[in-house]
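The block underneath contains the structure these notes are about, expressed in C-alpha coordinates.
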Amino acid sequence: MIFQEFQGEKLSMLGFGTMRLPLLADGTVDEAQVAEMVRYAMEHGINYFDTAYPYHQGNSERVIGRALKNYPRESFYLADKYPGHQIAQSYDPAAVFEEQLEKCGVEYFDFYLLHNVYEKSINTYTDPKWGIVDYFIEQKKQGRIRHLGFSSHGSVETIDRFLQYYGEHMEFCQIQLNYLDWTLQDAESKCQLLEMWDIPVWVMEPVRGGKLASLPAEDEAKLRQLRPEESTPAWAFRWLQGVPGVTMVLSGMSSMAQMVDNVKTFEERKPLSEEEQNLLFAAAEKLKTGVPCTACGYCMDGCPRHLDIPGLLAVHNDLKVTPTFTVAMRVEAMPPEKQPTMCIGCGRCARVCPQNINIPMALKDMVDILHTLPSWEKICREREEAARQGK
(Lines of atoms letter the chains of each structure in order from A and count residues from 1; the text may use other names and numbers.)
(Lines give C-alpha, C1' and ligand atoms only; values in the text may rest on other atoms or scores of the structure.)
Protein backbone atom coordinates (compact mmCIF):
# COMPACT_ATOMS: atom_id res chain seq x y z
CA MET A 1 0.00 0.00 0.00
CA ILE A 2 1.16 3.51 -0.83
CA PHE A 3 1.26 5.61 2.34
CA GLN A 4 1.23 9.39 2.56
CA GLU A 5 2.56 11.55 5.36
CA PHE A 6 0.11 14.07 6.78
CA GLN A 7 1.04 16.05 9.88
CA GLY A 8 2.81 13.10 11.42
CA GLU A 9 0.07 10.64 10.41
CA LYS A 10 0.74 7.77 8.02
CA LEU A 11 -2.34 7.55 5.79
CA SER A 12 -3.06 4.93 3.17
CA MET A 13 -3.37 6.82 -0.11
CA LEU A 14 -6.47 4.75 -0.89
CA GLY A 15 -9.40 5.41 1.42
CA PHE A 16 -12.64 3.44 1.74
CA GLY A 17 -15.57 5.74 0.94
CA THR A 18 -18.89 4.48 2.30
CA MET A 19 -21.40 6.30 0.11
CA ARG A 20 -21.95 3.30 -2.18
CA LEU A 21 -21.85 0.26 0.11
CA PRO A 22 -23.10 -3.13 -1.21
CA LEU A 23 -26.85 -3.65 -0.88
CA LEU A 24 -29.15 -6.58 -0.29
CA ALA A 25 -32.18 -7.28 -2.46
CA ASP A 26 -34.42 -5.23 -0.15
CA GLY A 27 -32.19 -2.16 -0.52
CA THR A 28 -30.57 -2.34 2.91
CA VAL A 29 -26.81 -2.39 3.35
CA ASP A 30 -25.20 -5.82 3.15
CA GLU A 31 -23.38 -5.63 6.49
CA ALA A 32 -21.78 -9.06 6.15
CA GLN A 33 -20.12 -8.04 2.89
CA VAL A 34 -19.11 -4.67 4.34
CA ALA A 35 -17.43 -6.48 7.24
CA GLU A 36 -15.51 -8.65 4.77
CA MET A 37 -14.47 -5.62 2.74
CA VAL A 38 -13.28 -3.83 5.88
CA ARG A 39 -11.33 -6.95 6.90
CA TYR A 40 -9.65 -7.10 3.49
CA ALA A 41 -8.94 -3.37 3.59
CA MET A 42 -7.32 -3.53 7.01
CA GLU A 43 -5.25 -6.58 6.09
CA HIS A 44 -3.94 -4.84 2.96
CA GLY A 45 -3.04 -1.50 4.49
CA ILE A 46 -6.14 0.69 4.05
CA ASN A 47 -6.52 2.64 7.28
CA TYR A 48 -8.80 5.55 6.25
CA PHE A 49 -12.60 5.20 6.29
CA ASP A 50 -14.91 8.01 5.19
CA THR A 51 -18.60 8.35 5.99
CA ALA A 52 -21.18 11.15 6.22
CA TYR A 53 -24.47 11.96 7.92
CA PRO A 54 -26.76 11.41 4.88
CA TYR A 55 -25.08 8.37 3.28
CA HIS A 56 -27.46 5.40 2.95
CA GLN A 57 -30.24 7.39 4.63
CA GLY A 58 -28.12 7.81 7.73
CA ASN A 59 -27.10 4.15 8.03
CA SER A 60 -23.58 4.38 6.62
CA GLU A 61 -22.26 5.77 9.91
CA ARG A 62 -23.83 2.92 11.88
CA VAL A 63 -22.67 0.18 9.50
CA ILE A 64 -19.06 1.32 9.23
CA GLY A 65 -18.96 1.97 12.97
CA ARG A 66 -20.04 -1.59 13.72
CA ALA A 67 -17.56 -3.02 11.21
CA LEU A 68 -14.68 -1.07 12.71
CA LYS A 69 -15.54 -2.15 16.26
CA ASN A 70 -13.58 -5.34 15.54
CA TYR A 71 -10.30 -3.40 15.35
CA PRO A 72 -8.26 -1.34 17.82
CA ARG A 73 -9.31 2.31 17.67
CA GLU A 74 -5.74 3.45 17.01
CA SER A 75 -5.45 1.15 13.97
CA PHE A 76 -7.72 3.22 11.69
CA TYR A 77 -8.69 6.79 10.84
CA LEU A 78 -12.39 7.63 10.70
CA ALA A 79 -13.74 10.67 8.86
CA ASP A 80 -17.26 12.10 9.13
CA LYS A 81 -18.98 15.28 7.91
CA TYR A 82 -21.38 17.97 9.16
CA PRO A 83 -24.31 18.26 6.69
CA GLY A 84 -24.68 22.04 6.66
CA HIS A 85 -25.55 21.94 2.96
CA GLN A 86 -28.69 19.88 3.62
CA ILE A 87 -30.26 21.22 6.80
CA ALA A 88 -33.10 23.56 5.95
CA GLN A 89 -34.23 25.13 9.23
CA SER A 90 -32.29 25.21 12.50
CA TYR A 91 -28.56 24.51 12.55
CA ASP A 92 -27.35 22.87 15.74
CA PRO A 93 -23.86 21.48 15.11
CA ALA A 94 -23.63 20.10 18.66
CA ALA A 95 -26.73 17.92 18.25
CA VAL A 96 -25.54 16.50 14.94
CA PHE A 97 -21.99 15.95 16.14
CA GLU A 98 -23.04 14.09 19.29
CA GLU A 99 -25.41 11.93 17.25
CA GLN A 100 -22.62 11.08 14.79
CA LEU A 101 -20.23 10.04 17.55
CA GLU A 102 -22.94 7.80 18.99
CA LYS A 103 -23.85 6.27 15.62
CA CYS A 104 -20.22 5.51 14.80
CA GLY A 105 -19.52 4.24 18.31
CA VAL A 106 -16.42 6.39 18.80
CA GLU A 107 -15.31 9.14 21.17
CA TYR A 108 -13.58 11.24 18.54
CA PHE A 109 -13.19 11.62 14.77
CA ASP A 110 -9.73 11.57 13.28
CA PHE A 111 -10.88 13.74 10.38
CA TYR A 112 -14.00 15.89 10.24
CA LEU A 113 -15.32 17.89 7.31
CA LEU A 114 -17.80 20.67 6.70
CA HIS A 115 -19.80 18.86 4.05
CA ASN A 116 -20.11 20.47 0.62
CA VAL A 117 -19.33 24.15 0.99
CA TYR A 118 -20.86 25.39 -2.25
CA GLU A 119 -22.75 28.37 -3.63
CA LYS A 120 -25.94 27.73 -1.68
CA SER A 121 -24.42 26.57 1.62
CA ILE A 122 -21.52 28.98 2.07
CA ASN A 123 -23.68 31.66 3.68
CA THR A 124 -24.88 29.13 6.23
CA TYR A 125 -21.36 27.99 7.05
CA THR A 126 -20.04 31.54 7.39
CA ASP A 127 -23.03 33.05 9.25
CA PRO A 128 -21.86 33.91 12.80
CA LYS A 129 -25.46 33.42 13.97
CA TRP A 130 -25.04 29.66 13.68
CA GLY A 131 -21.41 29.46 14.80
CA ILE A 132 -20.89 26.22 12.89
CA VAL A 133 -17.21 26.49 12.11
CA ASP A 134 -16.42 27.99 15.52
CA TYR A 135 -18.10 25.03 17.19
CA PHE A 136 -15.96 22.51 15.31
CA ILE A 137 -12.79 24.52 15.93
CA GLU A 138 -13.61 24.18 19.64
CA GLN A 139 -14.19 20.42 19.27
CA LYS A 140 -10.74 20.16 17.73
CA LYS A 141 -9.25 22.00 20.70
CA GLN A 142 -10.96 19.46 22.97
CA GLY A 143 -9.48 16.54 21.02
CA ARG A 144 -12.83 15.27 19.74
CA ILE A 145 -11.70 16.15 16.22
CA ARG A 146 -8.07 15.52 15.29
CA HIS A 147 -8.06 17.25 11.89
CA LEU A 148 -10.62 19.70 10.48
CA GLY A 149 -11.31 20.27 6.79
CA PHE A 150 -14.09 20.72 4.26
CA SER A 151 -15.45 19.24 1.06
CA SER A 152 -16.80 21.19 -1.88
CA HIS A 153 -18.56 20.80 -5.19
CA GLY A 154 -18.49 24.58 -5.54
CA SER A 155 -16.67 26.82 -7.98
CA VAL A 156 -13.11 28.04 -7.57
CA GLU A 157 -14.48 31.43 -6.55
CA THR A 158 -16.68 29.90 -3.83
CA ILE A 159 -13.84 27.80 -2.42
CA ASP A 160 -11.59 30.86 -2.38
CA ARG A 161 -14.29 32.90 -0.63
CA PHE A 162 -14.64 30.25 2.07
CA LEU A 163 -10.86 30.11 2.54
CA GLN A 164 -10.81 33.88 3.01
CA TYR A 165 -13.07 33.28 6.04
CA TYR A 166 -11.61 30.10 7.51
CA GLY A 167 -8.54 29.08 5.52
CA GLU A 168 -6.22 29.25 8.52
CA HIS A 169 -8.30 26.55 10.25
CA MET A 170 -8.74 24.19 7.28
CA GLU A 171 -6.18 21.38 7.16
CA PHE A 172 -7.41 19.59 4.03
CA CYS A 173 -10.02 19.94 1.28
CA GLN A 174 -11.99 17.22 -0.50
CA ILE A 175 -12.92 17.93 -4.12
CA GLN A 176 -14.24 16.01 -7.12
CA LEU A 177 -11.10 15.23 -9.06
CA ASN A 178 -10.48 12.95 -12.04
CA TYR A 179 -9.06 13.28 -15.53
CA LEU A 180 -12.48 14.19 -16.95
CA ASP A 181 -13.26 16.92 -14.41
CA TRP A 182 -9.73 18.29 -14.69
CA THR A 183 -11.19 20.41 -17.48
CA LEU A 184 -14.95 19.78 -17.36
CA GLN A 185 -15.30 21.18 -13.82
CA ASP A 186 -12.02 23.11 -13.86
CA ALA A 187 -10.58 20.92 -11.10
CA GLU A 188 -7.12 22.02 -12.22
CA SER A 189 -7.80 25.55 -11.00
CA LYS A 190 -9.15 24.22 -7.70
CA CYS A 191 -5.93 22.26 -7.17
CA GLN A 192 -3.90 25.37 -7.95
CA LEU A 193 -5.92 27.41 -5.46
CA LEU A 194 -5.46 24.82 -2.72
CA GLU A 195 -1.75 24.68 -3.45
CA MET A 196 -1.59 28.45 -2.93
CA TRP A 197 -3.15 27.94 0.50
CA ASP A 198 -0.84 24.99 1.22
CA ILE A 199 -3.89 22.75 1.71
CA PRO A 200 -3.56 19.09 0.63
CA VAL A 201 -6.18 17.55 -1.66
CA TRP A 202 -8.54 14.74 -0.69
CA VAL A 203 -10.12 13.20 -3.82
CA MET A 204 -13.75 12.17 -4.23
CA GLU A 205 -15.29 10.68 -7.37
CA PRO A 206 -11.96 9.43 -8.79
CA VAL A 207 -13.81 7.36 -11.41
CA ARG A 208 -16.75 9.77 -11.74
CA GLY A 209 -19.32 7.50 -10.10
CA GLY A 210 -18.27 4.65 -12.42
CA LYS A 211 -18.24 6.73 -15.60
CA LEU A 212 -14.48 6.19 -15.95
CA ALA A 213 -14.57 2.53 -14.91
CA SER A 214 -15.16 1.61 -18.54
CA LEU A 215 -14.40 3.46 -21.75
CA PRO A 216 -15.22 2.93 -25.44
CA ALA A 217 -13.59 -0.26 -26.75
CA GLU A 218 -11.23 1.66 -29.02
CA ASP A 219 -9.85 3.70 -26.11
CA GLU A 220 -9.54 0.70 -23.80
CA ALA A 221 -7.58 -1.14 -26.48
CA LYS A 222 -5.09 1.74 -26.71
CA LEU A 223 -4.64 1.72 -22.95
CA ARG A 224 -4.10 -2.05 -22.84
CA GLN A 225 -1.34 -1.76 -25.44
CA LEU A 226 0.62 0.44 -23.05
CA ARG A 227 -0.28 -1.24 -19.76
CA PRO A 228 -1.86 -4.65 -20.34
CA GLU A 229 -1.81 -5.43 -16.61
CA GLU A 230 -3.97 -2.45 -15.62
CA SER A 231 -7.76 -2.40 -15.38
CA THR A 232 -9.61 0.60 -16.81
CA PRO A 233 -10.40 2.05 -13.35
CA ALA A 234 -6.72 1.68 -12.46
CA TRP A 235 -5.84 4.24 -15.14
CA ALA A 236 -7.94 6.86 -13.35
CA PHE A 237 -6.14 6.10 -10.07
CA ARG A 238 -2.71 6.09 -11.74
CA TRP A 239 -3.45 9.54 -13.14
CA LEU A 240 -4.26 10.80 -9.64
CA GLN A 241 -1.01 9.36 -8.32
CA GLY A 242 0.80 11.95 -10.42
CA VAL A 243 -1.25 15.03 -9.46
CA PRO A 244 0.67 17.32 -7.07
CA GLY A 245 -1.01 17.87 -3.72
CA VAL A 246 -3.15 14.73 -3.78
CA THR A 247 -2.84 13.00 -0.41
CA MET A 248 -5.98 10.88 -0.11
CA VAL A 249 -8.00 9.14 -2.85
CA LEU A 250 -11.44 7.99 -1.70
CA SER A 251 -13.16 5.23 -3.60
CA GLY A 252 -16.81 4.40 -2.96
CA MET A 253 -16.35 0.66 -3.36
CA SER A 254 -19.52 -1.43 -3.48
CA SER A 255 -18.10 -4.94 -3.98
CA MET A 256 -15.17 -7.07 -2.91
CA ALA A 257 -14.02 -7.23 -6.55
CA GLN A 258 -13.67 -3.45 -6.63
CA MET A 259 -11.82 -3.52 -3.32
CA VAL A 260 -9.34 -6.15 -4.55
CA ASP A 261 -8.68 -4.34 -7.84
CA ASN A 262 -8.18 -0.97 -6.13
CA VAL A 263 -5.85 -2.40 -3.50
CA LYS A 264 -3.76 -3.93 -6.28
CA THR A 265 -3.52 -0.54 -7.98
CA PHE A 266 -2.31 1.13 -4.80
CA GLU A 267 0.32 -1.47 -3.96
CA GLU A 268 2.85 0.82 -5.61
CA ARG A 269 2.97 4.21 -7.25
CA LYS A 270 3.05 4.09 -11.05
CA PRO A 271 2.17 7.57 -12.32
CA LEU A 272 1.45 8.03 -16.00
CA SER A 273 3.86 9.27 -18.63
CA GLU A 274 2.99 12.31 -20.73
CA GLU A 275 1.97 10.02 -23.60
CA GLU A 276 -0.33 8.03 -21.33
CA GLN A 277 -1.89 11.17 -19.87
CA ASN A 278 -2.59 12.48 -23.34
CA LEU A 279 -4.40 9.24 -24.18
CA LEU A 280 -6.63 9.68 -21.13
CA PHE A 281 -7.37 13.30 -21.90
CA ALA A 282 -8.28 12.35 -25.48
CA ALA A 283 -10.65 9.68 -24.15
CA ALA A 284 -12.15 12.26 -21.77
CA GLU A 285 -12.88 14.64 -24.64
CA LYS A 286 -14.95 11.94 -26.34
CA LEU A 287 -17.10 11.70 -23.20
CA LYS A 288 -18.01 15.36 -23.43
CA THR A 289 -21.16 15.23 -25.50
CA GLY A 290 -22.40 18.75 -24.86
CA VAL A 291 -22.28 21.93 -26.91
CA PRO A 292 -18.95 23.55 -27.95
CA CYS A 293 -19.26 26.71 -25.84
CA THR A 294 -16.02 28.69 -25.48
CA ALA A 295 -17.47 31.11 -22.87
CA CYS A 296 -16.78 34.12 -25.10
CA GLY A 297 -19.83 35.88 -23.62
CA TYR A 298 -21.20 37.36 -26.86
CA CYS A 299 -24.55 35.70 -26.16
CA MET A 300 -25.13 37.58 -22.92
CA ASP A 301 -25.29 41.15 -24.25
CA GLY A 302 -28.70 40.82 -25.85
CA CYS A 303 -30.34 38.40 -23.42
CA PRO A 304 -33.56 40.06 -22.14
CA ARG A 305 -33.38 37.92 -18.95
CA HIS A 306 -29.66 38.68 -18.36
CA LEU A 307 -28.84 35.00 -17.96
CA ASP A 308 -25.29 33.73 -17.45
CA ILE A 309 -25.53 31.66 -20.60
CA PRO A 310 -21.92 30.35 -20.64
CA GLY A 311 -22.33 29.27 -17.02
CA LEU A 312 -25.59 27.51 -17.81
CA LEU A 313 -24.09 25.77 -20.83
CA ALA A 314 -21.17 24.55 -18.70
CA VAL A 315 -23.66 22.88 -16.36
CA HIS A 316 -25.59 21.56 -19.38
CA ASN A 317 -22.43 19.87 -20.69
CA ASP A 318 -21.71 18.37 -17.27
CA LEU A 319 -25.26 17.00 -17.04
CA LYS A 320 -24.89 15.42 -20.48
CA VAL A 321 -21.90 13.44 -19.19
CA THR A 322 -23.39 12.37 -15.86
CA PRO A 323 -26.94 13.50 -14.99
CA THR A 324 -26.70 13.53 -11.19
CA PHE A 325 -27.91 15.85 -8.45
CA THR A 326 -24.30 16.71 -7.64
CA VAL A 327 -24.25 18.62 -10.92
CA ALA A 328 -27.82 19.86 -10.53
CA MET A 329 -26.87 21.53 -7.25
CA ARG A 330 -25.09 24.16 -9.30
CA VAL A 331 -28.45 25.11 -10.81
CA GLU A 332 -30.24 24.89 -7.47
CA ALA A 333 -27.77 27.40 -6.04
CA MET A 334 -28.62 29.99 -8.71
CA PRO A 335 -31.23 32.67 -8.02
CA PRO A 336 -34.59 31.58 -9.53
CA GLU A 337 -34.47 34.41 -12.06
CA LYS A 338 -31.12 33.14 -13.37
CA GLN A 339 -32.07 29.50 -13.89
CA PRO A 340 -32.54 27.92 -17.35
CA THR A 341 -36.33 27.87 -17.02
CA MET A 342 -36.27 31.65 -17.38
CA CYS A 343 -35.15 31.44 -21.03
CA ILE A 344 -37.98 32.74 -23.25
CA GLY A 345 -36.52 31.25 -26.44
CA CYS A 346 -36.16 34.56 -28.28
CA GLY A 347 -33.01 33.34 -30.04
CA ARG A 348 -31.00 36.56 -29.78
CA CYS A 349 -28.17 34.62 -28.14
CA ALA A 350 -28.03 32.00 -30.88
CA ARG A 351 -27.87 34.63 -33.64
CA VAL A 352 -24.57 36.04 -32.28
CA CYS A 353 -22.96 32.77 -31.13
CA PRO A 354 -19.65 32.22 -32.99
CA GLN A 355 -20.04 28.46 -32.46
CA ASN A 356 -23.54 28.44 -33.98
CA ILE A 357 -25.01 26.83 -30.86
CA ASN A 358 -28.79 26.63 -30.68
CA ILE A 359 -28.72 28.03 -27.15
CA PRO A 360 -32.49 28.03 -26.44
CA MET A 361 -32.66 24.38 -27.47
CA ALA A 362 -29.66 23.54 -25.25
CA LEU A 363 -31.27 25.25 -22.25
CA LYS A 364 -34.53 23.40 -22.86
CA ASP A 365 -32.57 20.15 -23.07
CA MET A 366 -30.94 21.05 -19.78
CA VAL A 367 -34.33 21.55 -18.08
CA ASP A 368 -35.54 18.22 -19.47
CA ILE A 369 -32.48 16.45 -18.01
CA LEU A 370 -33.01 18.10 -14.62
CA HIS A 371 -36.60 16.85 -14.51
CA THR A 372 -35.40 13.27 -14.89
CA LEU A 373 -33.73 13.56 -11.47
CA PRO A 374 -36.06 12.62 -8.57
CA SER A 375 -34.18 14.96 -6.23
CA TRP A 376 -34.78 17.87 -8.60
CA GLU A 377 -38.48 17.11 -8.76
CA LYS A 378 -38.55 17.17 -4.95
CA ILE A 379 -36.94 20.62 -4.93
CA CYS A 380 -39.50 21.88 -7.44
CA ARG A 381 -42.39 20.60 -5.32
CA GLU A 382 -40.92 22.25 -2.21
CA ARG A 383 -40.55 25.55 -4.05
CA GLU A 384 -44.14 25.39 -5.27
CA GLU A 385 -45.38 24.67 -1.76
CA ALA A 386 -43.35 27.53 -0.32
CA ALA A 387 -44.77 29.87 -2.99
CA ARG A 388 -48.34 28.81 -2.11
CA GLN A 389 -47.66 29.54 1.55
CA GLY A 390 -46.19 32.92 0.69
CA LYS A 391 -42.74 32.13 2.03
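The numbering of the sequence shown is this note's numbering, which starts it at 210 and goes up by one. Don't be surprised by glycine CBs; every beta carbon is placed ideally from N, CA and C.
C-beta contact flag for residue i and residue j at 8 Å
{"i": "L277", "j": "V238", "result": "no"}
{"i": "L522", "j": "V500", "result": "yes"}
{"i": "T260", "j": "E252", "result": "no"}
{"i": "M575", "j": "P549", "result": "yes"}
{"i": "V455", "j": "V524", "result": "no"}
{"i": "L626", "j": "D369", "result": "Limits of the chain in this structure are 210 at one end and 600 at the other, which puts residue 626 out of reach."}
{"i": "L610", "j": "G451", "result": "The requested residue 610 is not part of the displayed model; the chain covers only 210 to 600."}
{"i": "T503", "j": "Q434", "result": "no"}
{"i": "E427", "j": "T367", "result": "no"}
{"i": "C555", "j": "L516", "result": "no"}
{"i": "F371", "j": "M210", "result": "no"}
{"i": "V326", "j": "G363", "result": "yes"}
{"i": "C512", "j": "R478", "result": "no"}
Secondary structure of residue i, DSSP reduced to three states
{"i": "F490", "result": "helix"}
{"i": "D289", "result": "strand"}
{"i": "V238", "result": "strand"}
{"i": "K587", "result": "helix"}
{"i": "F212", "result": "strand"}
{"i": "C512", "result": "coil"}
{"i": "Q385", "result": "strand"}
{"i": "L310", "result": "helix"}
{"i": "G506", "result": "coil"}
{"i": "Y264", "result": "helix"}
{"i": "L220", "result": "strand"}
{"i": "D527", "result": "helix"}
{"i": "G499", "result": "coil"}
{"i": "L579", "result": "helix"}
{"i": "G226", "result": "strand"}
{"i": "Y257", "result": "strand"}
Other residues of its chain near residue i: CB distance less than 8 Å, five sequence neighbours each side excluded
{"i": "K420", "result": "L389, L496, V530 and T531"}
{"i": "E429", "result": "S423 and T441"}
{"i": "Y249", "result": "M465, M468, V469 and V472"}
is_contact[residue i, chain D] using C-beta, thresh 8 Å
{"i": "N471", "result": "In the structure shown, chain D cannot be found, because there is only a single protein chain."}
Chain-order list of residues whose beta-carbon lies under 7 Å from that of residue i (same chain, five-residue window excluded)
{"i": "Y264", "result": "T227 and M228"}
{"i": "Q309", "result": "Y262, E270 and D289"}
{"i": "K312", "result": "E270, R271 and G274"}
{"i": "L582", "result": "P532, F534 and A537"}
{"i": "S330", "result": "G293 and H294"}
{"i": "C562", "result": "Y507, C508 and I568"}
6 Å CB neighbourhood of residue i in its chain, flanking five on each side removed
{"i": "R539", "result": "V524"}
{"i": "M543", "result": "none"}
{"i": "R514", "result": "M551"}
ask   = Can you list the alpha helix (DSSP H) stretches of 4 or more residues lying completely in the region 530 to 575, in chain order?
value = 534 to 541 and 557 to 561
query = Can you give, in chain order, each stretch of the beta strand (DSSP E) that sits fully within the region 316 to 376 and has at least 3 residues?
reply = Residue ranges of uninterrupted beta strand (DSSP E) with 3 or more members, entirely inside the region 316 to 376 and ordered along the chain, are 318 to 323 and 354 to 361.
message = Does the structure place the region 213 to 227 close enough to the region 451 to 469 that three or more beta carbon pairs sit under 8 Å?
response = Judged by Cβ distances under 8 Å, the region 451 to 469 makes contact with the region 213 to 227, as three or more pairs qualify.
request  = Starting from the N-terminal side, write out each stretch of the beta strand (DSSP E) that is 3 residues or longer and does not extend beyond the region 399 to 485.
outcome  = 410 to 413 and 455 to 460
inquiry  = Across the region 431 to 444 and the region 479 to 496, are there enough close Cβ pairs to call them in contact, namely three or more that are closer than 8 Å?
reply    = yes
query = Touching or not, the region 392 to 401 and the region 328 to 345, by the rule of three or more beta carbon pairs under 8 Å?
reply = By the Cβ criterion, the region 392 to 401 is not in contact with the region 328 to 345, since fewer than three pairs of Cβ atoms, one from each stretch, lie closer than 8 Å.
key: Segment contact flag, the region 287 to 295 with the region 317 to 326, C-beta cutoff 8 Å, min 3 pairs   = yes
inquiry  = If contact is defined by three or more beta carbon pairs under 8 Å, each pair taking one atom from either stretch, is the region 378 to 385 in contact with the region 350 to 360?
reply    = yes
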